[in-house]
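Residue numbers (the working numbering): 251 to 327.
Structure representation (structure tokens):
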């Protein structure tokens, strides 16, 4: 999945206008990044990538880029 498509998926999860996220945002600065958004993210990753992420790995992320980094080469530039 292209990074731009991944960011659009995250925009949808946090109910932000498409194109809002650029990847550099701190998760703590995104008011909509809450437990429901994390569950939505986990569901999206499971559905789109067939990957199960560990909660501790998600919790260790500080930025949107860190979240994308959890998927490694599945996210392309």
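Virtual Cβ for every residue (Gly too), placed ideally from N, Cα, C.
| Item | Value |
| --- | --- |
| Between the CA atoms of residue 314 and residue 270 - distance to the nearest angstrom | 12 angstroms |
| Beta-bridge pairing of residue 313 - partner residues as DSSP gives them | 276 |
| Cα-Cα separation, residue 289 to residue 303 | 11 angstroms |
| Beta-carbon spacing of residue 326, residue 276 below 7 angstroms | no |
| Cβ neighbour criterion (16 or more within 10 Å) applied to residue 260 | buried |
| Coarse secondary structure for residue 252, derived from DSSP in three states | strand |
| Check whether residue 264 and residue 287 have beta carbons under 7 angstroms apart | yes |
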